[in-house]
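Protein sequence lines, in the order shown, are assigned to chains Z and R. Start counting the first sequence at 19; every next residue gets the next number (the numbering used here). Start counting the second sequence at 19; every next residue gets the next number (the numbering used here). No residue lacks a Cβ here, since even glycine has one placed at the ideal position from N, Cα and C. As the structure is a computational prediction, the values presented were derived from the model and not from experiment.
Number of protein chains: 2
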Amino acid sequence: MSSDTLNFQKMILRLLEYWQAQGCLVWQPYNVQVGAGTMNPATILRVLGPEPWNVVYVEPSIRADDGRFGENPNRMQQHYQLQVILKPDPGNPIELYLGSLEAIGIDPRQHDIRFVEDNWQSPALGAWGLGWEVWLDGQEITQYTYFQQAGGVDLDPVSVEITYGLDRIALALQGKNSVWEMDYGAGVKYGDALLQAEIEHCQYYFNVADVDALKMIYDTYEREALRCLEAGLVAPAHDYNLKCSQLFNVLDTRGAVGVTERAQYFGRMRRIANKVSLAYLEQRQRLEYPFAGNPVWKAASDEQRATSEEHFELITHHSSLITPEDGDTFVLEIGSEELPHGDLTSALEQLRAAVPALLDAARLSYERVEIDGTPRRLAVIVHGLAARGADVESVVKGPPADRAFDASGKPTPAAAGFAKSRGLSVDDLSVVEEGGKRYVSAVVRETGWPSLDVLAERLPDLIAGIRFEKSMRWNGTNVSYSRPLRWLVALHGPAVVPFEYAGVRSGRVTCGLRPYGSPAYEIRHAADYRTAIDNATIVLHTDARRKAIAAGAHELARSVGGAIPDDPALLDEVTNLVERPTPLLGSFEERFLALPPMVLVAVMRKHQRYFPVYKGDKLLPWFIAVRNGDEEHLDIVRDGNEHVIRARFADAAFFYEKDIRQSPAAFVPELGKLTFQTELGSFLDKTRRLEQLVPAVAGMLGLDETARATAARATALAKADLATNMVVEMTSLQGKMGGHYALRGGESPEVAAAIAGQYEAVSESAAGMALAVADRLDSLAGLFAAGLGPKGSNDPFALRRAALHLIENLTANRQHFDLRAGLDAAGALLPVAWSEKTRDEVLAFIGGRLEVVLRDAGYSASVVKALMAEQTHDPYAATRAAAALTEATQAPDWETLLNAYARCVRITRPLKERYALRPDDLRLPEEQAVAAALAEAEAAKDGTVETFVASLRALEPAITRLFDAVLIMDEDAAMRENRLALLQRVAGLARGVADLSVLEGF
Amino acid sequence: MSSDTLNFQKMILRLLEYWQAQGCLVWQPYNVQVGAGTMNPATILRVLGPEPWNVVYVEPSIRADDGRFGENPNRMQQHYQLQVILKPDPGNPIELYLGSLEAIGIDPRQHDIRFVEDNWQSPALGAWGLGWEVWLDGQEITQYTYFQQAGGVDLDPVSVEITYGLDRIALALQGKNSVWEMDYGAGVKYGDALLQAEIEHCQYYFNVADVDALKMIYDTYEREALRCLEAGLVAPAHDYNLKCSQLFNVLDTRGAVGVTERAQYFGRMRRIANKVSLAYLEQRQRLEYPFAGNPVWKAASDEQRATSEEHFELITHHSSLITPEDGDTFVLEIGSEELPHGDLTSALEQLRAAVPALLDAARLSYERVEIDGTPRRLAVIVHGLAARGADVESVVKGPPADRAFDASGKPTPAAAGFAKSRGLSVDDLSVVEEGGKRYVSAVVRETGWPSLDVLAERLPDLIAGIRFEKSMRWNGTNVSYSRPLRWLVALHGPAVVPFEYAGVRSGRVTCGLRPYGSPAYEIRHAADYRTAIDNATIVLHTDARRKAIAAGAHELARSVGGAIPDDPALLDEVTNLVERPTPLLGSFEERFLALPPMVLVAVMRKHQRYFPVYKGDKLLPWFIAVRNGDEEHLDIVRDGNEHVIRARFADAAFFYEKDIRQSPAAFVPELGKLTFQTELGSFLDKTRRLEQLVPAVAGMLGLDETARATAARATALAKADLATNMVVEMTSLQGKMGGHYALRGGESPEVAAAIAGQYEAVSESAAGMALAVADRLDSLAGLFAAGLGPKGSNDPFALRRAALHLIENLTANRQHFDLRAGLDAAGALLPVAWSEKTRDEVLAFIGGRLEVVLRDAGYSASVVKALMAEQTHDPYAATRAAAALTEATQAPDWETLLNAYARCVRITRPLKERYALRPDDLRLPEEQAVAAALAEAEAAKDGTVETFVASLRALEPAITRLFDAVLIMDEDAAMRENRLALLQRVAGLARGVADLSVLEGF
């Protein structure tokens, strides 16, 4: 820590001063415990409605479940936020934000400041927004959000919300290993001021809080909030909702809230948030929007508007004197704040289709279109673009010739009118013959438009046509885009294509790298665009960035004797997070290698987007991060990233060490506190059910004794890891951690593997399959029985996935299984009523998934439909049948076979009665031949399509002969009924196999 | 508001910067609603224990019952505090504080900054301290406290607590008429940011909050706090106690807490505060006091110590070369922070006795002692003081002469030893004769000490000997004084009398006026002290200040055609609040004169220490305030004071107007919500009881019909004003406001007067007396019956005063009244059990008060005691009896009378049996004379002492003769018993009058 480094309190004062100089009101932390500064009414209420609002304040934020008893270097149940709201968007909020970092001594040139997609939402507040986590050398230091909705109300205007994690910023600034070591100010260590209370609060939240009492208080406070709302009291109602929220957090941390209950609590808080918001909006209207006339904020926005107007006038004035040459390069650069990884990829794809289509429609000829981009820019370069659209001639048909010209061949008024309507003279008309009739016709010539005009008209539509996974509004135009669009370069040759989109006017100025302060580069001619981008040291091409990262990373890994496994998903993401990639090698303490590699890798890949470094199968204590920027001060960036990973690993180690103090079995009783679903009980209840269901399922799956024993043991421990700290923290590791802990706890590798694999789609062992299948059966049966089957797109318990896993697991393992029996076995164990009706509902639901699976596998709709009725209960059989039936339908004799079978079906289908076959009464050889083949077919019948088709193939000649030679509907009733009985038996051969009547040609 | 005036937020930032530059930690507001920054753990916990702690933070403070629905210019349920804690006292905290005011633009030269005694205590926190309200131009802007105890724990070291009322300071700075008009910052008006929420919170606290629900939550949170404590969790326990405190405040504002309940709630919170404090102390010890080694705070205190050492060395070095001349003036100035009015008066009185005694004991002769002082200094000036104590000779007796000298007259070792022990030679011894025995003796000469030495030794004791009503500790010496002692001038002639007291070393530098920055004045010679004080423009003499104020005030009042009634108490107080008085005339809006004068006068006198200005009986819209300082910028001071009184009157008007919207009777049902005492019910219940009791008491008091009707009507409305806003706010107006509202509501003047006078000691009408007596009887009977009679010095219901009022009222109105009957009548109406035992307890309690009253009236202990047994039940009778008995005992024949009576008593007292008198069997004329006089006496007996003494006077000769002439104890039993029966009847004459046996001479 250098002598001019700010201590914690000076840093805060500096930030408050900075934002107050930017016209922000300096507000105070709220006097109700909140999880974030967002909940302070100065944010969550003031962002509502049309009034401007600019505010800054500190908020000590309480997140009970982030508590680590003070044992983590930067995770605590209380951290300090600095909250800034800018409403409306001032146009340059990121620049203002970066300016604030400079004000406290963070020079962007010396660090790696990154904007990593973060879509924020608060189910309790009914609020969401899009934005980023801002990373400083790998450390998340700020949440930056364009607030789209609050309290369930759309925001107009949108607010910019900047939430600084003050402790982490100070940690980075002071270069300490732990927040507790930081200088708070006045000679006091942060830890001396805060650590003891931190430990105590954790103790309270995790171990002491009285669950029943707090639930009761929650209910009471909720009632009080509603009473306030009835009395029209917005602020007190909001306070009570905040108190409810804090109580919920404590209950949650205490492990007292199940999945459904959680959703219910969120719903309750959201409902109140919505009422509060609506009441607030109404109130502001009644008060006639006191902030609307704020002189400071008005002056600032007027100034901003004036500057922008002036700027645009300059450019358009400039441009009106300049026009492109034919064949000049065209460039469009859509500059924005950092796009999310997926949006960048998708936008480029869309442009690759849309740009040629646009040019074609405008009849602008061109040589080549080049499209690429970085997180901050989508670039369209069109080489050799025409300065004007091509002219076209078209023949237009007019009135019939005999009406256009009179008998003397003189044009009638009809001809004159037609000619005039096309801008021609009557002399330009000619006569054409079409379908034996004669018409007048004219050749019409359409002149192409100048490129500037047509592009000016169409480029806004081009941009508007780009679709994003999620898009957002940010300014008064209420245009949506992935992230705020900040500049537009649109040049054809030397000329600006003048247009405006989302309040931004096109021009010739592009923007450099953030670490260099986003300098402006003026582009005189579109052909200079690449040079400008190169000068800005931006790597525009995605592929070039990808290659540079891969090469650099490999090189660095090699330098420490390691390697980087292929990881295209991660590589793609990192590529889209930077404009100028510089990979760097960081290290972490060897001691962390004692943690399970899956934990380390999950932290590195998922949280940090680092490439882990391996030597063979073994992790090395190194990682590769990728900086957005050059090599300068790379040591500072490395140092920062190493601090971050240390804290993250320390967090993981904290959990891990807590977990391994107990045997896995010791966590099982804890499952009693984790609600699976209110009516279905806890995860302990689920475990108890599975302990009965797994043996039954194992029987159905035909497991041997050893496998059954393995399955039984795995079942007993299967859900234990849900109660471990590691899985509570990193849900994605569920199952896998359980397997790890089981092995560590002395279980056999087979048991551990069964536990580890339980959430995978496909099990790798018979024991594992028994557990996985039983688990899905229990969930499906139970939740349907509780009336919680998926509705519409709402599938909170992921039952679609459960059904898919069942299907995939059974089919991949080539395992027959009767889902009906399985579901009934599961249903019988439930604490809620189970009925055949429910069973059929679940089966139909699984059938629906199966249909999708089979269609996705390429089977025709009719084949799939033919099987669905008969095979749904056994997915593996259905899959096999689909293949076989498809093969059969593609055989050359299929038409014959199907026809023969269809004749049997068609003639017997209207019969109400089922006749008994009397084989001895069949006298004709044609009858006897069918009967003989039928007998063989019935003997062979095994439910498979193959057997059925083989039988049919054997039967077909006899059937055909029978129909050719014999009148089935004989006058003699006994004879007729015996023949019909024969055909009924033939028709019945497909029962349980397929419904061939839905196939084409039946 | 001038252009360089700070807006609210800049003012706050400036203060935070200021204190952080003084080495304070910059802390954050607490995330639990608190009534004051004191409750933030950064104060209430950190002040505990030995560690240093210096902190500053803003605290939005919630005081529900200060809510005025936004209708008051500066009273709100939420105000912003800035809290500073300096631990330990840095030695110059007031100077630091004044520096902070200068930092935000408050120049002490342009204002009147006053330190007005304020003894802060929080019954809920178990905390107290001494200090001041700081007034800025009459406005309280800061509470400044030396924290003595917190959580029931004595603080060592003491902390300095400075609590700024930020809103009021800003109001004064910005010169606005209302906080709502202030500039908050960023162009936002304070009211636009806060007013709506203010109104809503008031609405909630006063009208909406669900009392039962909140009581239930209180109980739950209290349990949770206790559970936290059991688990050793200090911070969470404290949080819950704060939440309880806030809940209590809401309940209280909602009017849902009675007097006893309030005390119980305070007790509950205090118990938890105590447990929290003890747990915190233990914890800090276990953590080994992390702040103890704070480098910043250590450096500051080292520097302070070094400066002070250096300074003292300079002075002592200087002094050692200088000595006083005989007859030089001596001066002692004890300089301190502002003494409370009463302490100043009392200290001067004590010094006037102690100084001469000290000088006499030191045998220092002097011409004249002059003692006077101001709030900041006690000055002792001794004219013509000797430079050395007088020598004295004394004769000391040694061993007997025959042991001191042998037969040959030669001194023995005994003589030698004696001489040596007195520092003499044997030759100096002589022989004296005493009581016929001869001893050796010596004349011992004691030389007087130099004045500097003897004074240096004795002055500390002089200061330590001053006793204050309440005294406090402030620094490491833990010496107590009224307020921190900051400097000592002690000069004899040119020489410093060197000593140290309470960590302060004596010197020659005195301190000027605060408005001038307390400049230092060096005094070369004690004789120059007065000149120095005069140069400092300080008016040292209390009387001179008093006269200046009185003259100035009268002059100013005359200037607006008014006058100031004599008000010696207020004049004395104001005199003791200033060192240099400058009266000023301020005005207020005429419209406020519509308020009852008692309200205006109470506000002016009690809250503001202003002199109200009258014209005849009528108040004028003027007031006289007294500034501490000169005439400069007096307009600013006047302006500030006028703002203050406007806000205060607006507050009163707010209440008054709310109150008069209803008839007084309409408040009666509201009394149902005001608990009198849990078991005794509400004040409505009390009213209902009084409605029955008053007629009964009126009967006992012999009221006529008209008076009875008046009393009944007054009783119905008597307590109504307790539910009015005005009385809730200004309790001292209870009764009087009720009378006012009653008259306004159309009641007769007699009824109004009875209501108005009900709390006075002495009623002015019979109806009033019936109400007042009944009220006291109900309270005494009820609270004793509920087991709540005073214990020790604890008298929460002021029952001592109730008893005294009963006694004074009855005696002043010369009204006989049998308290036994009255109490029984009251007891019969109670909702709790009433018994003779309780009645006797109450009677004994009243008797105790009566005894004190009579003793205070000058009656001898024996007279009072003689009456107590017989007359307690009728205080007026007792009073009269005391006078009569005293008169009788002073009559010349009293000894004779008493002796005669005593003989009758003494001879009959041992008898167990009571004999029947057979008058006809009395044969002797001596017997018959007694019997005749007895018959007359018994016929005259009326219970008064006068009659009894007259009877005794008539009986005495007969009694004396009887005893002289007749042997009472005759051998004949019948004769003996008849004589004893006669004497028993004589002895019985005093029954119900007095117990003469306790008188001297019996």
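Show which residues of chain R have a CB atom less than 8 Å away from the CB atom of residue i.
i	result
Z/Trp315	Ala204, Gly205
Z/Ala41	According to the sequence shown, residue 41 of chain Z is Gly rather than Ala. Ordered by position in chain R, the residues that pass the 8 Å Cβ test against Z/Gly41 are Ala204, Gly205.
Z/Tyr222	Cys246, Ala249, Leu251, Pro254
Is there at least one Cβ from chain R nearer than 8 Å to residue i's Cβ?
i	result
Z/Met19	Since pLDDT at Z/Met19 reaches only 49, below the 50 mark, its modelled position is unreliable, and the value read off the structure follows with that caveat. Chain R contact via Cβ: absent.
Z/Leu269	no
Z/Thr23	no
Z/Val65	no
Z/Leu33	no
Please list the terminal residues of the continuous alpha helix (DSSP H) segment that includes residue i.
i	result
Z/Phe981	963-983
Z/Trp492	Where Z/Trp492 is concerned, there is no enclosing alpha helix (DSSP H), given that its DSSP letter is neither H nor E.
Z/His625	That residue, Z/His625, is in no alpha helix (DSSP H); it is neither H nor E in DSSP.
Z/Gly123	Per DSSP, Z/Gly123 belongs to no alpha helix (DSSP H) and is neither H nor E.
What are the start and end residues of the beta strand (DSSP E) that includes residue i?
i	result
Z/Asp201	201-203
R/Trp150	145-154
Z/Gln833	From DSSP, Z/Gln833 is part of no beta strand (DSSP E); its letter is neither H nor E.
Z/Gly1021	As shown, chain Z starts at 19 and ends at 1020. That puts residue 1021 of chain Z outside it, with no answer to give.
Z/His510	503-510
Note down, in chain order, every chain Z residue with its Cβ under 8 Å from the Cβ of residue i.
i	result
R/Phe309	Val206, Asp210
Nearest to residue i by CA position, among the options, is which residue?
i	options	result
R/Gly417	R/Val410, R/Asp409, R/Arg406, R/Pro429	The question names Gly, but residue 417 of chain R is Pro in the sequence shown. R/Pro417 has its Cα closest to that of R/Pro429, out of R/Val410, R/Asp409, R/Arg406, R/Pro429.
R/Ala955	R/Glu945, R/Ala968, R/Gly876, R/Glu944	R/Ala968
R/Thr749	R/Ala760, R/Asp722, R/Tyr777, R/Arg731	R/Tyr777
So with CB distances below 7 Å, who are the chain Z contacts of residue i?
i	result
R/Tyr36	Residues of chain Z passing the Cβ test: none, with the nearest at roughly 11 Å.
Quick one: list the residues of chain R neighbouring residue i, beta-carbon separation under 9 Å, in chain order.
i	result
Z/Tyr236	Under the 9 Å cutoff, chain R gives no residues; its nearest Cβ is about 11 Å from Z/Tyr236.
Can we count residue i as close to the ligand HEM, meaning its CB is less than 7 Å from some heavy atom?
i	result
Z/Asp136	Absence of the ligand HEM from the depicted structure is noted, as is the absence of any ligand whatsoever, leaving it without description.
Looking at the C-beta of residue i, does it have a partner C-beta in chain Z at a distance below 8 Å?
i	result
R/Tyr48	yes
Q. Do three or more CB pairs link the stretch 302-319 of chain R to the stretch 60-68 of chain R at distances below 8 Å?
A. yes
Q. Are the stretch 456-476 of chain R and the stretch 501-512 of chain R in contact at 8 Å, needing three or more beta carbon pairs?
A. yes
Q | Contact between the stretch 122-141 of chain Z and the stretch 87-103 of chain Z (3+ Cβ pairs under 8 Å) | A | no
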